[in-house]
Amino acid sequence: MPNPGTPSRTDYAAAVEGLADRVLGALRGTGDPAVDPAVVASQVDEAPDPKVALAAVRVLGPDVFAPALLAGVPFGPGDARAVAESLRIFPPAPDAAPEAAWRDWTTVRLLARYGGGSPDSTFTDTPEDTLGVREPSPPGGTGGTDSPASPGLSWRDLSLSMAQLSPLALPNVDGPVHETALSRLRDLSRGTARAMLRRDYPTAARLARWLACALHRGAHPDLDTAAVVRHLELHCGGGGRTALDTAVARGLLDRSQPQRPGGPTA
Amino acid sequence: MSTPRTTAAAPVPVGRSAHRVATRALGWLRRHCELGTLPPGTTSDMADPDSIYKPLGETALAASLVLREGLASAQEERTARELLDFAWWELRGGDMLYERQLRYMMMVDPLELYAHFVRAGYRHRRLEALLDHLGGLVTMDAVEQVPNRRLAVANAARLTGLARETDWKRLTDATWLGNTPEPWVIDWMTAYCVTHTVFHITDWGARPGDLPPHLEEYLQLWLPVWLDVWREVQEWDLVTELLIVGSCLREPYADPVLWEELASVQHEDGLMPRDGKEVEGDAAQRFRDHHHPTVVAAVAGTLALSRAAER
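Top line first, the protein sequences correspond to chains A and B. Residue 3 is where the first sequence starts when you use this note's numbering, and the numbers rise one by one after that. Residue 3 is where the second sequence starts when you use this note's numbering, and the numbers rise one by one after that.
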């Protein structure tokens, strides 16, 4: 019999969706900055069980910085404290999958940017305080075939891995995973088409972020990315996280040169 | 990755899987061809041309390609020749095609069926005279057809040696594939249109160079995705047709793992199931339901073997 005092899976899932909705609101500018100045901090402070809310912060990872990176929404000291606290309460597992390790590493680096240094500081320095998060081995490097996006991965496996890495697909965030996304754009286009055909819109939205991210960096995906994103927007399925992934993709697209629709490999 | 990867055994080479699929399918077609006999007294006015008449043409297609590719054993060649003789006999040596074309001038199936026999050396002079005459009529260019059907007619006319002018580019540009559309919008029926567009442009893999480069590029990119999606839902008939498309490309696409899977899906007696549903019924029912995918399997295996042998 479940203990009434212990949060259930449903509570955690609801907290993740709730935070995703709030981040989405901030990204779209529908939140009221006067009332809701600190998205992450408020979500944690107002939660009936702050621990559950902090777990949601861990799940969203780098995405809690999306409004700051895409829309210039302030990321305050309270937000930074909440993110740091989430990493202390839920430290990364030493045997975490490479995708989780990359998400954590990116969160820590963004935290260093928005917590300590100036928001304009470059994103290549290793933060001094990594909160116990280790720097993952580069994708396709010495980590062998278990590294995300290693060269030997088929387009399908690569796409599944990169979908899990989609919170890294943000503007002004760079690293080896982004290099992989650019060098294997063709395979990510295939993965996106596959997800769309399977009506797996959550995966499609995650991969569409990488295509939009590539466009943002001046590359040319093999799919008409704007058409994919528009279709996902109209579909509106998949819950708060998919809506957030779609909105990030839209944000990246709106900050890119328009892609010529159609063409040989539409 | 979160899930550990196991090192699977190396897949069987494509050529071996393809040969197995083709040989077994051809054997099944030969052993069951008597189930595809036109009822006595059938005339060109047949009420249901799809039940026996068109399958005769499909059998002839598979057998003619086995002979064309020239890689079959003496036994398989004999089987292919027997299947062609059987189908030609059923069509009364081509008279049935002639009568049907004379009665129904706008129908394109007599020419399409005839072309498969021409490929294997059969001829019917009066039918060719009739086709020549009809080809000169304004109506031939004005028939209301889906675009890939026009390509089917053009390829059949090319094989038969009819003096018709064909603007291949215009016909190709009118198809879904010719527009290289968003690959994630494709549906089941349109996927069949894509396969047939490629079959007719390349005459079932005989002219891979005739596929325009931008279509080659498009198919190299998206064919693996479509194969993956329809393999997952076990649409074996469509998967096998898409594998034929892989053999029609300048740079053939053949995934050994998928070929091995297809060989394992095929029944020991050679029947290729249409999809993942249970194969049911008596021999006649099975023939009706699975004749088409088994023809497709014979064609796919024959062409994949041939392309693998080139390498």
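Quick reminder that beta carbons are idealized off the backbone N, C-alpha and C, glycines included. In this text, all values refer to a predicted model and were calculated from it rather than measured experimentally.
| Asked | Found |
| --- | --- |
| Under 7 Å between C-beta atoms of residue 185 of chain B and residue 206 of chain A | no |
| Minimum Cβ-Cβ distance from residue 244 of chain B to chain A less than 7 Å | no |
| Terminal residues of the alpha helix (DSSP H) in which residue 195 of chain B lies | 190-203 |
| Segment limits, alpha helix (DSSP H) that includes residue 74 of chain B | No alpha helix (DSSP H) holds residue 74 of chain B; DSSP gives it neither H nor E. |
| Per-residue burial, residue 127 of chain A [other beta carbons within 10 Å of its own, 16 or more giving buried] | Only weak support exists for where residue 127 of chain A lies, its pLDDT of 49 falling under 50; the value from the coordinates is given anyway. Exposed. |
| Extent of the continuous alpha helix (DSSP H) run through residue 16 of chain B | 16-34 |
| Within-7 Å CB hit, residue 185 of chain B to chain A | yes |
| 7 Å Cβ cutoff met for residue 311 of chain B and residue 23 of chain B | no |
| Short CB-CB distance (under 7 Å) between residue 251 of chain B and chain A | no |
| Counted within 10 angstroms of its Cβ, other Cβ atoms place residue 2 of chain B as buried (16 or more) or exposed | Absent from the structure is residue 2 of chain B, since the part of chain B shown begins at 3 and ends at 313. |
| Where residue 181 of chain B falls, given that 16 or more other Cβ within 10 Å makes a residue buried | exposed |
| Whether residue 176 of chain B touches residue 149 of chain B by CB criterion (7 Å) | yes |
| CA nearest to the CA of residue 278 of chain B, picked from B/28, B/308, B/161 and B/268 | B/268 |
| Against chain A: residues of the region 219-235 of chain B by CB proximity under 7 Å | 219, 220, 223, 224, 226, 227, 230 and 231 |
| Beta-carbon proximity check, residue 179 of chain A vs residue 104 of chain A, cutoff 7 Å | yes |
| Minimum length 4: unbroken alpha helix (DSSP H) runs contained in the region 19-93 of chain A | 41-48, 52-62, 68-73 and 79-91 |
| Cut-off 6 Å between Cβ atoms - residues of its own chain near residue 96 of chain B, not counting five sequence neighbours on either side | 126 and 129 |
| CB contact below 7 Å: residue 229 of chain A versus chain B | yes |
| Nearest-angstrom Cβ-Cβ length linking residue 61 of chain A and residue 18 of chain A, presumed shorter than 8 Å | 5 Å |
| Burial state of residue 280 of chain B, where buried means 16 or more other Cβ atoms lie within 10 Å | exposed |
| Cβ of residue 195 of chain A within 7 Å of any chain B Cβ | yes |
| Cβ neighbour criterion (16 or more within 10 Å) applied to residue 169 of chain B | exposed |
| Reduced DSSP category for residue 209 of chain A - H, G, I as helix; E, B as strand; rest coil | helix |
| Neighbourhood of residue 122 of chain B by C-beta distance below 6 Å, restricted to the same chain and skipping five residues each side | 66, 69 and 86 |
| Interface partners of residue 226 of chain A on chain B, CB under 7 Å | 184 |
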